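Numbering (this note's numbering), first residue to last: 1 to 89.
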């Protein structure tokens, strides 16, 4: 079981490096798929991957929500600036 790739995925997602995390996920998924094809992928490995999938989904969902809030706030400032003719700060 390669826990290093698991840790690297977790670090990339935690840092918000989603492009890097995506590439690492591809590598990790390929490793697990190879283990499945080889008949040596146990329940513990699948449970570890499932936990990482669920954790990643939660973190990415939160990051997306925060980005949406920032966009909405910026949109409101732009709208107010256009109405009152004031520059943004």
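We put the CB at the ideal spot given by N, CA and C, even for glycine.
This structure is a prediction, so every number in the text was calculated from the model and none was measured.
Check	Outcome
Out of 56, 50, 71 and 79, state which residue places its alpha-carbon closest to the alpha-carbon of residue 15.	56
Please report how far the alpha carbon of residue 74 lies from the alpha carbon of residue 81, in whole angstroms.	10 Å
Excluding the 5 residues flanking residue 70 on each side, which residues of the same chain have their C-beta closer than 6 Å to its C-beta?	none
Which residue wins for smallest C-alpha separation from residue 49, given the options 65, 26, 67 and 66?	26
Identify the continuous alpha helix (DSSP H) that holds residue 39 and give its terminal residues.	Per DSSP, residue 39 belongs to no alpha helix (DSSP H) and is neither H nor E.
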